[in-house]
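Q: Protein chains in written order, with this note's numbering: chain A, -11 to 322; chain B, -11 to 322.
C-beta: ideal position from N, C-alpha, C; glycine also.
Number of protein chains: 2
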Amino acid sequence: MPPNQSGTRSILSNMKFSLLILALCSLIAAADPLPSWNHTAPRQAIVAFVEKVTKEGSSDFVPISERIAVFDNDGTLWAEQPMYFQAFFVFDRIKALAPQHPEWKDKEPFASVLRGDMKAALAGGERVLLEMVMATHAGMTTEEFEKSVSHWLITAKHPTTGRPFTEMVYQPMLELLTYLRTNGFKTFIVSGGGIEFMRPWAEKVYGIPPEQIIGSSIKSKYELRDGKPVIVKLPEINFIDDKVGKPVGIHHHIGRRPIFAAGNSDGDFEMLEWTTGGKGARLGMIIHHTDAEREWAYDRESHIGKLIKGLDEAAAKGWTISDMKSDWQTVFAR
Amino acid sequence: MPPNQSGTRSILSNMKFSLLILALCSLIAAADPLPSWNHTAPRQAIVAFVEKVTKEGSSDFVPISERIAVFDNDGTLWAEQPMYFQAFFVFDRIKALAPQHPEWKDKEPFASVLRGDMKAALAGGERVLLEMVMATHAGMTTEEFEKSVSHWLITAKHPTTGRPFTEMVYQPMLELLTYLRTNGFKTFIVSGGGIEFMRPWAEKVYGIPPEQIIGSSIKSKYELRDGKPVIVKLPEINFIDDKVGKPVGIHHHIGRRPIFAAGNSDGDFEMLEWTTGGKGARLGMIIHHTDAEREWAYDRESHIGKLIKGLDEAAAKGWTISDMKSDWQTVFAR
Chain A
-11 MPPNQSGTRS
-1 ILSNMKFSLL
9 ILALCSLIAA
19 ADPLPSWNHT
29 APRQAIVAFV
39 EKVTKEGSSD
49 FVPISERIAV
59 FDNDGTLWAE
69 QPMYFQAFFV
79 FDRIKALAPQ
89 HPEWKDKEPF
99 ASVLRGDMKA
109 ALAGGERVLL
119 EMVMATHAGM
129 TTEEFEKSVS
139 HWLITAKHPT
149 TGRPFTEMVY
159 QPMLELLTYL
169 RTNGFKTFIV
179 SGGGIEFMRP
189 WAEKVYGIPP
199 EQIIGSSIKS
209 KYELRDGKPV
219 IVKLPEINFI
229 DDKVGKPVGI
239 HHHIGRRPIF
249 AAGNSDGDFE
259 MLEWTTGGKG
269 ARLGMIIHHT
279 DAEREWAYDR
289 ESHIGKLIKG
299 LDEAAAKGWT
309 ISDMKSDWQT
319 VFAR
Chain B
-11 MPPNQSGTRS
-1 ILSNMKFSLL
9 ILALCSLIAA
19 ADPLPSWNHT
29 APRQAIVAFV
39 EKVTKEGSSD
49 FVPISERIAV
59 FDNDGTLWAE
69 QPMYFQAFFV
79 FDRIKALAPQ
89 HPEWKDKEPF
99 ASVLRGDMKA
109 ALAGGERVLL
119 EMVMATHAGM
129 TTEEFEKSVS
139 HWLITAKHPT
149 TGRPFTEMVY
159 QPMLELLTYL
169 RTNGFKTFIV
179 SGGGIEFMRP
189 WAEKVYGIPP
199 EQIIGSSIKS
209 KYELRDGKPV
219 IVKLPEINFI
229 DDKVGKPVGI
239 HHHIGRRPIF
249 AAGNSDGDFE
259 MLEWTTGGKG
269 ARLGMIIHHT
279 DAEREWAYDR
289 ESHIGKLIKG
299 LDEAAAKGWT
309 ISDMKSDWQT
319 VFAR
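1) Considering only the beta carbon of each residue, do L299 of chain A and M161 of chain A sit closer than 7 Å?
2) Along the chain, where does the beta strand (DSSP E) that runs through L102 of chain A open and close?
3) Is the shortest distance between the beta-carbon of P217 of chain A and the beta-carbons of chain B less than 7 Å?
4) If distances are taken between C-alpha atoms only, which option among A:F76, A:T129 and A:F37 comes closest to M106 of chain A?
5) Rounded to whole angstroms, what's the CA-CA distance from Q69 of chain A to V193 of chain A? Just pull it up for me.
6) Can you name the start and end residues of the alpha helix (DSSP H) that D315 of chain A belongs to?
7) Spell out whether any CB of chain B is found under 7 Å from the CB atom of I309 of chain A.
8) Which residues in the same chain have their Cβ closer than 7 Å to the Cβ of G237 of chain A, if we skip the five residues on either side of it in sequence?
9) Give me the Cα-Cα distance between Q74 of chain A and A67 of chain A, rounded to the nearest whole angstrom.
10) Among A:P87, A:G268 and A:I56, which has the Cα closest to the Cα of L168 of chain A?
11) For P198 of chain A, return the contacting residues in chain B, with the cut-off set at a CB-CB distance below 7 Å.
12) Counting contacts by CB-CB distance shorter than 7 Å, is H239 of chain B in contact with chain A?
13) How would you label K43 of chain B, buried or exposed, when you count the other beta carbons within 10 angstroms and need 16 or more for buried?
14) Closer than 6 Å to a non-hydrogen atom of the ligand NAD - does that hold for the CB of V137 of chain A?
15) Kindly say whether S204 of chain B, judged by its beta-carbon, lies nearer than 7 Å to any beta-carbon of chain A.
16) Here's the rule I'm using: 16 or more other beta-carbon atoms within 10 Å means buried, otherwise exposed. How should R151 of chain B be labelled?
17) Output the boundary residues of the alpha helix (DSSP H) element that contains L65 of chain A.
18) Check whether the Cβ atoms of L220 of chain A and K209 of chain A lie closer than 7 Å to each other.
19) Which partner residues does Y167 of chain B have in the DSSP bridge list?
20) Can you tell me where the alpha helix (DSSP H) holding L85 of chain B begins and where it ends?
21) Is it the case that the Cβ atoms of I247 of chain A and R270 of chain A are separated by a distance below 7 Å?
22) Any beta carbon of chain B sitting closer than 7 Å to that of G265 of chain A?
23) Buried or exposed for S24 of chain A, please, with buried defined as at least 16 other CB atoms from any protein chain shown within 10 angstroms of its CB.
24) Provide the residue span of the beta strand (DSSP E) that contains M273 of chain B, from first to last.
25) Could you check whether the Cβ of W316 of chain B sits closer than 7 Å to any Cβ belonging to chain A?
26) Alpha carbon to alpha carbon, how far is W307 of chain A from G181 of chain A? Give it in angstroms, no decimals.
27) Using CA atoms only, rank isn't needed, just tell me which of B:K40, B:V58 and B:F59 is closest to V50 of chain B.
28) Going along the stretch 116 to 140 of chain A in order, which residues come within less than 7 Å of chain B, judged by CB to CB distance?
29) For I142 of chain B, does the count of other Cβ atoms within 10 angstroms reach 16, so buried, or fall short, so exposed?
30) Rounding to the nearest angstrom, what Cα-Cα distance links A19 of chain B and T170 of chain B in this structure?
31) Assign Q88 of chain A to one of two classes, buried (16 or more other C-beta atoms within 10 Å of its C-beta) or exposed (fewer than that).
32) Beta-carbon of E91 of chain B versus every beta-carbon of chain A: anything under 7 Å?
33) With a threshold of 6 Å on Cβ separation, who are the neighbours of Q317 of chain B within its own chain once the five nearest residues in sequence on each side are excluded?
34) Should L117 of chain B be labelled buried (16 or more other beta-carbon atoms within 10 Å of its own) or exposed?
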């Protein structure tokens, strides 16, 4: 064999080898459904759980129809600092409507909002937020409300990052939603926030359709306006989808017990307890906000997304804690 | 060419032709998604509607995510005579629990039930039925309730046909549900009956999963019993999914306006009005019980499934009336 031929062969062989390696690498990269999750315990727990429940013939196998996964929204799928994003929406509406409501100047929580003291305005938690929703939305039709949410989201910006709120969603959670759906799961949002506030944008942003969104709500009624059927929002609380309300909301809307649940605050405690308290393989996950640089760091002392019981009991309950700082390679959606 | 060869050819050719016809016939039969619907106006309306909304590029095209179809249950998907099937279930429970409730002897509607006067017991409509549901089910966990429904359905028989209740479902409607789903529709039940009464069996019988069932409900609460999480039924009405309640229930659970609705009584009037009052192609359908031989014949004067407004206004509203006697080749599921 002439030396140059052998050299050519060797080069070709090297090239082939390199190409093979390259192909394998890109295959591995393409096959990784969770590229924003570091190779730490939470990622391993997710993958092990999904492989277990989807493996036919295994004792942990779960039929597709029963692969229900529920996710809290605020602080779990998108950020919630410095306050719930829906609160920015409601506060903007209160300010816009204030001229028609001179009585708000002396009435809480409206007075705090108009003074700019957002922390005081929200001190009462989700119920107070819902009361402000009622005051600012009663009388609107559901179509008008949907339009006002969609319009607000186009123009509103987060006060510290300057990004649209719908961009402040977590990349690892988007990947997790897709990974679960690829494996036959039906993904639901179960939020303390307003059901109608989430529905106009959640399908585009999370791939979760309106009928798979559960949340707090005010009552509404059906009527004819100028002969046209409309559904009108009423100034009356219908349902608070928080804490013990979450399992009840899940049961009412889904009628099945989930096998996967993710949350980030003690408002999600009962949802995780209900989900993981059933028979067979279950996964409960708490997103722990530990990254003050890339996001926010808060838990026990926070005025929003308070997490005490969840941290204290996670180990005993077998729940997985995702530490944003060490477990997430990326935080926000790209 | 020798004559016998030509004869063989001719026989072969005839055989081929027959086989072709046979193949075509079986293809047509296999391709007919609605074999139990006669070739009358309702079938034509259904097919024309589905072809219109699924034809890409057409001005009537509806994306898959918005192809929402809603169906009443009692009298639309299964029979409702001589009384709502859920009433048989509740009456059986009242009789079983009567020894523990001596006060029921003098208290309506329980007294009527115990006297065997079912008509009087149900005179108050769905609200009274729901009150009986509350009285007989409060305190049970949702799991216990589900088991009691499933157990009852195995043994209970319809009083006149002697068939299990879950066999008294309409074959043409099963075909319609499948036809719509094959064309990308998501099918929902929107019933005045109890949401939890339908969920244990509707997936098996109709192919409709629990999370796509909307109905009347009583409240429930989450609690720990012996350290195990349960959801317990409370003696308090949560929601009446009838008449003006149906569009509200649809909005709350689905969050989108359906484009197809089928019902059979004036309890479905607002659901049809809400569905067909939207923009674009819509189909509203009323199942008219006209077949006293194969099923029952009733409308304006019936104590159950009363249909007056629907008949009076269907033409003006553009709704299709399915006359069971002339439009259905088969009534009950085979």
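A: Short version:
1) no
2) It is not in any beta strand (DSSP E) - L102 of chain A instead sits in the alpha helix (DSSP H) that spans F98 to R103.
3) yes
4) A:F76
5) 19 Å
6) M312 to D315
7) no
8) V178, I202, F227 and D229
9) 11 Å
10) A:I56
11) I242, G243 and R244
12) yes
13) exposed
14) Looking for the ligand NAD in the displayed structure turns up nothing, as the structure carries no ligands at all.
15) no
16) exposed
17) First-last for L65 of chain A: undefined, no H or E at that position.
18) It is worth fixing the name first, because residue 220 of chain A is Val in this sequence and not Leu. Yes, they are a contact pair.
19) None; Y167 of chain B has no bridge partner.
20) F73 to L85
21) yes
22) yes
23) buried
24) Judged by DSSP secondary structure, M273 of chain B falls within the beta strand (DSSP E) whose first and last residues are L271 to T278.
25) Interface with chain A (7 Å Cβ-Cβ cutoff): W316 of chain B is excluded.
26) 24 Å
27) B:K40
28) T130
29) exposed
30) Cα to Cα, A19 of chain B sits roughly 12 Å from T170 of chain B.
31) Answer is exposed; the Cβ neighbour count stays below 16.
32) Judged by the 7 Å Cβ criterion, E91 of chain B is not in contact with chain A.
33) S24 and N26
34) That one is buried.
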